[in-house]
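With the working numbering applied, the sequence shown corresponds to residues 3 to 277, in that order.
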Amino acid sequence: MIWLGLIATACDDTATEVPAAREDVGETGGVATTGGGNPYDRDHPGEIGPDLSKADGNAYVVPSLLPPLEDPEIIVSLEGLTVELIDTATGFHKVYPTGVGARGRDGKSYTPVGRFRTHPDPRNTWFWYPRRYQPEYFDGLPFMRIDARNHEGAQTYGLHGPITHPLQRGFVSHGCMRMQAEDIVEVFYIMRQHPGARVTIQEAKRRWPDGRVIDVTPAADDPVAAWRAEVCESVRTGRGEALSQGTYADRVLCRGEARYTVPVGRGDLLTARVE
3 MIWLGLIATA CDDTATEVPA AREDVGETGG VATTGGGNPY DRDHPGEIGP DLSKADGNAY
63 VVPSLLPPLE DPEIIVSLEG LTVELIDTAT GFHKVYPTGV GARGRDGKSY TPVGRFRTHP
123 DPRNTWFWYP RRYQPEYFDG LPFMRIDARN HEGAQTYGLH GPITHPLQRG FVSHGCMRMQ
183 AEDIVEVFYI MRQHPGARVT IQEAKRRWPD GRVIDVTPAA DDPVAAWRAE VCESVRTGRG
243 EALSQGTYAD RVLCRGEARY TVPVGRGDLL TARVE
C-alpha cells in the first residue's frame, strides 16, 4: 500500500493544445520519475527511487513487467466506451474503459471514426509523450497520439489520462480517448514497444461471436496481471531469472505492494512509502 500526504486533483479539459516545444516531455532512465524536468520545480525534478521514497510533482512508475506481444492493435468503440488492446498472435485481449469525444449538434462524437496508426518513431515526442504536464490537467501522465487529423489538418487526437478523477466514462472530451491513469500508463508502454500499430475507431459497440457486448475486462481476468503472476511464480520457484528481494520488480510488481501511479501534489515534496 502507498501512503501519501496529499492527493492531486485535475481540472476540466478546457485549454487548447500546447505545441510540443512548450511542453515538458522529458523522461529519465529511472523506474519512477516525475519526468526529469518538472515544470513546477526545474531545479529539483523530483526523481523517485525504486522504493518510492520521494515524490515532487505528479509521478508514475514505469512498468517493467509487461507481456511480450507480437502485433498488438487497438480498437475503440464509441458507443461501447471501450478501448480494446488485442494481439491475435499471442491471444492477448484486454478491454479498458474510456471517455470519448462529446456529441456535436448532429449527435455524432467529436472523436473521428476510421482506421489510423500510432507514429512509427517512438522517439517522436509529439506522438509519444511519456509525461505531459501542461496544461496541468494532463497530470504528468502519458499521451499517445494517433495519425488522425482534425478539421485544420493537425494531428492532435490521442489517448491520455482521465482529466477528472475518477474517469468520466461517457461522451465528454474534445475528441481524445480519456483513460484511467493506471490504464494509460499500461497501454502506452505496451504500445510504444510496437510503434506504427493499427488503431481502429468505430461507432458501434463491439460484440463477441455469441452476440454479447464486449465490455471492460474484470480484474479477476486481467491478462497483464495473470502474465505477471506467472513470471513472478517462476521466479519464486526457481524456474525463472531471479528478482532480488526488495527490488522494484519484486516488491512493487510481484508482491503487488504498489500501483503504477503515485499521485501527489504539484511542487510539493511528499513522502510515499511501500509497506
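Idealized CB from N, CA, C, for every residue including glycine. This structure is a prediction, so every number in the text was calculated from the model and none was measured.
*Name, in chain order, the residues that DSSP records as bridge partners for P99.*
T84
*Sort out for me which residues DSSP pairs F145 with in a bridge.*
Y131
_Inter-residue Cα distance where the pair is N126 and I216_ = 33 angstroms
*asked:* Going residue by residue through the stretch 137–212, where are the continuous beta strand (DSSP E) segments of at least 3 residues, counting only ones entirely within it?
replied: 143–147, 160–162, 173–175 and 200–204
*Return the residue from the list S236, E205, A227 and R230 that minimises the CA-CA distance to G109.*
E205
*How many angstroms separate the CA atom of V189 from the CA atom of L87?*
8 angstroms
*Alpha-carbon to alpha-carbon, S175 and G213*: 29 angstroms
*Got a sec? Which residues, its chain only, sit under 6 angstroms from G177 by beta carbon, not counting five neighbours each side?*
G103, Y112, T113 and Y159
*How many Å lie between W130 and P122 at the Cα?*
10 angstroms
*Would you kindly check if the distance between the Cβ of T120 and the Cβ of V201 is under 8 angstroms?*
yes
*Excluding the five sequence neighbours on either side, which residues of its own chain have a C-beta within less than 6 angstroms of the C-beta of P99, listed in chain order?*
R171 and V218
*asked:* Taking 8 angstroms as the threshold (beta carbon to beta carbon), is T219 in contact with chain B?
replied: Checking the listed chains, one finds no chain B in this structure; it contains a single protein chain.
*From A228 to R194, what distance separates their C-alpha atoms?*
21 angstroms
*On the premise that R208 lies in contact with G82, defined as a C-beta separation below 8 angstroms, what is that separation, rounded to the nearest angstrom?*
6 angstroms
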